[in-house]
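Novice: Protein chains in written order, with this note's numbering: chain A, 323 to 1286; chain B, 17 to 188; chain C, 3 to 408; chain D, 87 to 179. One structure coming up, written as structure tokens, with questions to follow.
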Amino acid sequence: MSAQPHRLPSGGRIDRDTVLRLTVDGQELTGHPGDTVASAMLAAGRLDVAPSIYRGRPRGIVAAGVEEPNALLEVLGRCSESMLPATTVSLVDGLAVRTLSGLGRLDPTGDEAVYDKKFAHTDVLVVGAGPAGLAAAWAAARSGARVILLDEQSEPGGSLLSCREETVNGSPALDWVREVVAELESAPEATVLSRTTAFGSYDDNYVVAVQHRTDHLGHPAPEGMSRRRVWHIRAARVVIATGAHERPLVFAGNDRPGVLLASAVRGYLNRYAVAPCSRAVVSTTNDSAYDTVTDLVAAGVEVAAVIDARPTLSPRAAEVAGTGVRVVPGSAVVETTGASRVDGVLVGALDEDGLLGGDVEADVETIACDLLAVSGGWSPVVHLHSQRQGRLRWDEVLAAFVPEGTVRGQRVAGSARGTFDLGGCLEEGTEAGVAAAVAAGFPIEAEAPVGRAATGEYGPVRQLWLVPGRRGEPADWHEHFVDLQRDQTVADVWRATGAGLRGIEHVKRHTSIGTAHDQGRTSAVNAIGVLAAALGGTPGEIGTTSYRAPYTPVSFAALAGRERGDLFDPERTTPIHPWHVAHGARFEIVGQWLRPRYFPRDGEDIDAAVARESRAARRGVAMMDASTLGKIEVCGADAGEFLDRVYTNAHRRLPVGSARYGVMCKPDGMILDDGVNLRLDENRFLLTTTTGGAAGVLDWLEEWLQTEWPELDVYCTSVTEQWTTIAVVGPKSRQVVARVAPDLDVSAEAFPFMTFRETTLASGVPARICRISFSGELAYEINVSGWYGLAVWEQLYAAGADLDITPYGTETMHVLRAEKGYPIVGQDTDGTVTPQDAGMDWVVSKRKDFIGNRSYTRADTARADRRHLIGLLPVDRVTRLPEGTQIIAPDTPVTPERGPVPMLGHVTSSYHSEALGRPFALALVAGGRDRIGETLIAQVGDSPVEVLVAGPVLYDPEGNRRDG
Amino acid sequence: MRGARGGSLRELPFSTMVSVRVAPGSAAFDRIGAALGAGLPERVADTARAGAHTALWLGPDEWLVVSSAEPGPLVADLVEALAGDPGTVVDVSANRTILELSGATARQVLEKGCPADLHPRSFGPGDAVTTTLGPVPVLLWQSGPSTYLILPRASFADYVARWLLDAMTEFA
Amino acid sequence: MTTNPLPEHPALLWRNPEPKPSYDAIVVGGGGHGLATAYYLARNHGIGNVAVLEKGWLAGGNMARNTTIIRSNYLWDESAGIYEFALKQWERLPEELDYDFLFSQRGVLNLAHTLQDVREARRRVDANRLNGVDAEWLDAEEVAEVCPIVNISPDVRYPVLGATLQPRAGIAKHDHVAWAFARAADALGVDLIQNCAVTGFVKDGDRVVGVRTTRGTVNAGVVGLAAAGHSGVLAEQAGFRLPVRSQPLQALVSELYEPVHPTVVMSNHVHVYVSQAHKGELVMGAGVDSYNGYGRRGSFHVIERQMAAAIELFPIFARAHVLRTWGGIVDVSPDASPIIGRTPVENLYVNCGWGTGGFKATPSAGWTMAHTMATGEPHPLNAPFSLERFTTGALIDEHGAAAVAH
Amino acid sequence: MLLLDCPWCGPRDETEYHYGGQAHVRYPQVPADLTDQEWAEYLFFRDNPEGPFAERWVHSTGCRRWFNVMRDTTSYRVLAVYRPTDPRPEGSR
């Protein structure tokens, strides 16, 4: 066991029978299950980690838990993870790590681990499985309430994992822990989660926690088992029993490796059976460090002296002094010595103002040691309480910020609220657990376990925020570290106050104290104390900075959960989608939908495919899956009246069996959505919406119905997926439709434009067939139940095979509609366009009111020179203008370097027209309708392109083709 | 798909679904209830089953009737029961897909993405709620002690099925 | 590895004076905009008898909470004008204010993921160029050249189809910016008064003549409001309403990492905006929570979704850690553009409605607000951003081009 | 993550709802009768108080009903939930 020279011969919560290999910065070490990387390093006698971030000073392990400021690791492997404290990484065989100087490395290797979530509801959530939390969970669970107990450590017990002599109900404390955990685990409604950190507390007792599920296993996780799981817990009641963190002391050279928190030393001795030193000095301001002293002695480590800042011995100090340990009251360690590690400390006496009295040089005593254990008092872990705006109060006696009052539905228990003695923690925990269960509706009584510890009552604390340097003024104390990870010192705080800064938030920002990985766990309160010392006053008058989630850092991947890759965002597809895929469609994303953009044949690029598809639609027959359009059934006696109010044009008198194009606007008069609406019968309409607008339009209709016009007899039902919609387009479409719908008289006379018919297809499928055209060609839209959508598509495809029926996508659809000047909401409009701007004055009723109407008489909306949607024809007949191209007047100097170039508008849509044999565009141009026939300039990059302004309808303006 | 620990997922195709909107307590409400054979349920999460039909509460004046009967005749019956009073009956059989998740771990699978409280004290066989599964709105209906029906809009069905299969992997 | 700390601040930042009974001008709100307003009142207009009244600590609101992106590639002429003016000021301010606030013109990429994104992006690029704003359109491969860690695989849910690049855009260190303005204003005689909340306005008829504060009544010739999220509350105290809603906006930082991200990337569609700040932390904004809120905090699902989006675009971030999240209060106007100008109360001016995008405009907000307060007339740059536009309908709707106007 | 108590469905997470801004702002009976200023007030101007605020929410992924919530915009605490047909509780705006 020479590889672990500092491992004690017995004790500890480690499995000595199993030896695990570990590599730290290339150095091979060993350890045991139960170890952390830090405890294994200390067992090997290795204390040092990478040097500090800015000043390159030697640094060592300071703590034993999440508050560790120095020992940060990159855990190496297939995909490394940085910035993990060595004190929290469980040892597994073959682990390889690199220590970091506060600066991590992001591994470009893909992270293939699984991360997931879990939603949980509970009556009582207890955060922290130390004595208070265990007592709370135990008491609450006895009520039958649902209880979840979380703890960040590898096993329950909290501070008791580090204890030696403490007892509960007369037995060793860890026996009690085992019993309570066993009872909880056998309770049907209790859940105990270790390695699970509650990192955020949100409104209405919504607590989020991250569970580390696989890294400690030491073997690959089962397939599908998440590496980390984020628990979303909604709790009727929350008990916060998150304990407290010990504070270090601020003095010269306090960053030297070998300065450890006293409680951490205790943890290494008792939990990990590691004695990280052979001769220790303990420097404290309070009683808690005396447990470390007695444990050191019990472990056979020489305690050279206890330096107690308090002027007189507390009962506990006196008790320990009585065992023969040298206790020096009224003093502090003023400096450490040593090269890469502490080899001694200088001790000086403090006067009542905390100053070094007398002849500093003469009175300082040097004590040789290889470890200095420090305790500057305790800071309750109030993060979760504070994240919910729970208030804090400075307690002068405890020298700590403690919770003031409670957050609704929450209690804080144990050392998290400043109750630092074991008995008190157990009592408070029990009481909190009972109260939480009762409040959640599960009456119970419970008697608190009785706890005993060597340190009974938590004795007096001396507030000692900075131990004076032996020389100079605070502004010169560049080795009195306040924040180890950020390399910030008393001198830095003084520089901030010297600049005029008075508040802790400013000092934090000036110095960066408290902003590192540890978020000030060991530095924040000390910084407040130092600032108080600098400005005069108490820490309570300075106050704290805000506590924010997460309590400890959480990886992005854990938060993302399964919403990555294929599951990042739903892809919505129609029943015909598999056919599109099988036929080589290239897709376009529209909202969450995937729509075929074009169907290239062998060797075709998009232009060739679109040209072919367009030709088919204009000369033969083509078909498109239009199922993504939103569809809403609007029923009720007042349906017509309702539609009159929400659409700019009238619908009330639309005959049954007919269709009408409608535009709806926002109250500000700008176009919101459009679509073709059918009157199914007297009281039933079927609206269609844009693909992206479906959900929004339904919400919009419901909002008006429910909140403004509840008196209307109208019901809206979304039927988007109920109907598969297939557009059959082109001069030969009538033939194809006639073949699949033989019962239907498809003649132009019997089945005129903008009407629809219900029929049964030859295949027996009921269908609603509309004569609607978004291309200007003779066209039909065949609507069938989604159950039969794919089958009917295939029937149409087969029925038109001899006519070379051609499936087409959104790109061709856009070309066809643009040739006819039909705008696409969201492409040719952008939220600033009225129907009049879009050239659709004809769709705006002058005889009825509707949402948005009032806005058209406002000064800006009534302007004549608003941007109008018009057509543009590049004069060279060759240039296809990029969409987005800006339009300027002829002879406008293009000298943006001398000031903005006046712009008239921009190209909203631009295509090559197979039908026109030339490129063309739609554009929004200032006063565009008054410029028809003028030549303007489309500024394409640095090249001006002459464009002729035309009306928006460029193809078949007479509308001769719609009847075939 | 089936897993070693008894989890399975399948689609239940071609179920009839009808959306019913009617004012609770009205005569038409009673007539529709009678036509279905069991009154329309009046509380959140409630379902009412009679013969081939189950009515699921979706809102204070909205129900989804899921049935093994043919859509056409059922819609016609319900339209007749509504009898022109305020309300509506719409065939939505193809609007949603029905996925059935069953097995001892079904609840655990759902709890990876469903924020509703599925604990037996809050939710049990015969309960149905609108909620979300991952990023998708679904109607979740517990049809048996360890069987859940998940009804997303049909366009989301592929995603939801993939989501569920992924969540089931751990228990396979 | 060890690294370099940030540059040191000047030895003196500001005095901490007591409020005087009267000032020529009072600026309510000691954030970036308020401090810049005070600075330009003194520098451009010779009005040094100015107080900035801050209810908390200087630059402790959105200035302390923002993601520090500076760019001017806005769509509409009016926006391009005011933001580009700001960018030109940013380029000279480090020298003018003699303060290294780490202004880094590392470029900003606005990604396009759909054909509609591409159309909007190209429209904006063309408009930008004609407005004298530097802008380029990049295809996906060019995006990867500028920022190699962006995932440009075509096989993702929302592939990167391209991006706009504004090379002169970038980031600056927010606290340092505010302190630079504060220090310069202080040096010109402006009193920066902290822990001084305005509780009401003293009016003579329809004219404001002073403010009531938690530290007494202070008289003023003119009063300017620059209180971001609290503008609505102050307006109500002064007796009028503003068309703004105060909403929570969350943001977050990671721990420090070795440099991987050389630029600023924004994606409206996938909803990410992220840069890597000078010390090495990833700085990232999340979405605006939907509801009105003054709580400086939002809901967790907003953060979660943000992380999913971040990894989708930047797979290398998977094992980065969120170190700290926080929330600010943004005042969002109906057209996502600011309001700078007169109010219904004489001698009372307002600068608000910047929503999520106020930091980048700090110099021009201060410049134009100072002009308006000093002369009683808007500067040409802020004239279009009047309160009256909501009556005439002449909105400057930046929603279409930048649903998130960061 | 707010917990809102839908009057019909009971308590559900905020993510099931959509926000609808200030409550009790009625669409003008006859918009044409309004001045431009009054119309602008309707379109764009809303109360934005720090403290109790009567606002609208809709249970989008649930029963799709709109309802009103009185919520403190600073503490985010829900003070009351009521149906659109119910009167506005005292002490809010």
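Beta carbons: idealized from backbone N, C-alpha and C, even for Gly.
Taking Cβ positions, are H973(A) and N999(A) nearer each other than 9 Å?
Specialist: Yes. Within cutoff.
Novice: Under a three-way DSSP split, which group does V384(A) fall into?
Specialist: It is coil, neither helix nor strand.
Novice: State the start and end residues of the unbroken beta strand (DSSP E) segment that holds D996(A).
Specialist: I993 to D1003 is the span of the beta strand (DSSP E), which, as asked, contains D996(A).
Novice: To the nearest angstrom, how far is the alpha carbon of P336(C) from that of C354(C)?
Specialist: If I take the Cα positions, the gap works out to 12 Å.
Novice: Which chain D residues are close to Y524(A), counting only those with a beta carbon under 7 Å from its beta carbon?
Specialist: Within chain D, the residues near Y524(A) are M87.
Novice: Mind checking if E27(B) is an interface residue toward chain D, Cβ cutoff 9 Å exclusive?
Specialist: Judged by the 9 Å Cβ criterion, E27(B) is not in contact with chain D.
Novice: Mapping the DSSP letters down to three states, classify K1054(A) as helix, strand or coil.
Specialist: DSSP places K1054(A) in coil when its eight states are reduced to three.
Novice: Taking 9 Å as the threshold (beta carbon to beta carbon), is H554(A) in contact with chain D?
Specialist: Yes - at least one Cβ of chain D is within 9 Å of the one on H554(A).
Novice: For chain A, check one thing: does any of its Cβ atoms lie closer than 9 Å to the Cβ of I305(C)?
Specialist: Cβ-Cβ to chain A under 9 Å: yes for I305(C).
Novice: Can you tell me the Cα-Cα spacing of V619(A) and G540(A), whole angstroms?
Specialist: Straight-line Cα distance between these residues: approximately 35 Å.
Novice: Could you tell me if G416(A) is buried or exposed, where buried requires 16 or more neighbouring beta carbons within 10 angstroms of its beta carbon?
Specialist: It is exposed - the Cβ of G416(A) has fewer than 16 other Cβ atoms within 10 Å.
Novice: Which residues in the same chain as L678(A) place their Cβ atom closer than 6 Å to its Cβ, once the five residues preceding and following it in sequence are excluded?
Specialist: The answer, listed in chain order, is G670 and P790.
Novice: Using CA coordinates, which residue listed in D929(A), G952(A) and V943(A) is at the minimum distance from W915(A)?
Specialist: The option with the nearest alpha carbon to W915(A) is G952(A).
Novice: Would you tell me roughly how many angstroms separate the C-alpha atoms of A520(A) and T431(A), rounded to the nearest one?
Specialist: So the alpha carbons of these two residues sit roughly 29 Å apart.
Novice: Under 9 Å, CB to CB, which of the residues in the region 80-99 of chain B have a partner in chain A?
Specialist: Listed by position along the chain: P87 and G88.
Novice: I'd like to know if L330(A) contacts chain B, where contact means its C-beta is closer than 9 Å to some C-beta of that chain.
Specialist: Taking Cβ atoms only, chain B never reaches closer than 9 Å to L330(A), which makes this a no.
Novice: Residues in its own chain within less than 7 Å of P170(D) by CB, not counting five upstream and five downstream?
Specialist: Counting only Cβ-Cβ distances below 7 Å, and skipping sequence neighbours, we find W152, F153 and N154.
Novice: When you compare each of P245(C), H273(C), G368(C) and T377(C) to V54(C) by their alpha carbons, which one comes out closest?
Specialist: V54(C) has its Cα closest to that of G368(C), out of P245(C), H273(C), G368(C) and T377(C).
Novice: For the region 1162-1176 of chain A against the region 1279-1286 of chain A, do three or more pairs of beta-carbon atoms, one drawn from each stretch, fall closer than 8 Å, so that the two count as touching?
Specialist: As far as the Cβ criterion goes, the region 1162-1176 of chain A does not touch the region 1279-1286 of chain A, which means the pair count is below three.
Novice: What are the residues of the region 137-162 of chain B that lie near chain D, defined by any Cβ-Cβ distance shorter than 9 Å?
Specialist: Per Cβ criterion, the list reads V145, T146, T147, T148, P153 and V154.
Novice: How would you call P29(B), buried or exposed, if buried means at least 16 neighbouring beta carbons within 10 angstroms?
Specialist: Classification of P29(B): exposed, given that the 10 Å Cβ count is below 16.
Novice: Could you pull out every residue in the same chain whose Cβ sits closer than 7 Å to the Cβ of D995(A), ignoring the five residues on either side in sequence?
Specialist: Correct list, in chain order: M986, T1011, T1012, G1015, V1019 and V1147.
Novice: Count the other CB atoms within 10 Å of the CB of G83(C); is the residue buried (16 or more) or exposed (fewer)?
Specialist: Burial call: buried.
Novice: Using the beta-carbon of each residue, which ones in chain D are nearer than 8 Å to V235(C)?
Specialist: Simply N134, P135 and E136.
Novice: Whole angstroms is fine: what's the gap from L744(A)'s alpha carbon to V514(A)'s?
Specialist: Rounded to whole angstroms, L744(A) to V514(A) spans 22 Å at the Cα level.
Novice: Taking only beta-carbon atoms, is D339(A) less than 9 Å away from chain B?
Specialist: By this cut-off, D339(A) is not an interface position.
Novice: Only counting the same chain, and skipping five residues up and downstream in sequence, which positions put a Cβ closer than 8 Å to that of G160(B)?
Specialist: S118 and P141.
Novice: Which residues does DSSP list as the beta-bridge partners of T1081(A)?
Specialist: BP columns for T1081(A) point to A1089(A).
Novice: Can you give me the Cβ contacts of G646(A) inside the same chain, cut-off strictly under 8 Å, excluding the 5 residues immediately before and after it?
Specialist: So the list is empty, once near-sequence residues are dropped.
Novice: Any C-beta of chain D within less than 7 Å: which residues of the region 45-64 of chain B qualify?
Specialist: The residues in question are V60.
Novice: Anyone know if the C-beta pair for Q189(B) and F187(B) falls short of 9 Å?
Specialist: This structure does not reach residue 189(B), given that chain B is present from 17 up to 188, and the question cannot be answered.
Novice: Nearest chain A C-beta to W125(D) closer than 9 Å, yes or no?
Specialist: Yes, contact with chain A.
Novice: Three or more C-beta pairs under 8 Å: does that hold for the region 561-579 of chain A against the region 798-817 of chain A?
Specialist: The answer is yes - the region 798-817 of chain A touches the region 561-579 of chain A, with three or more Cβ pairs under 8 Å.
Novice: Put S106(C) into one of helix, strand or coil per three-state DSSP.
Specialist: Correct three-state label for S106(C): strand.
Novice: Closer than 9 Å, CB to CB, is A71(B) near chain A or not?
Specialist: So, not an interface residue.
Novice: Going by the DSSP bridge assignment, what does F723(A) pair with across the sheet?
Specialist: The partner list for F723(A) (beta bridge, DSSP) reads W716(A).
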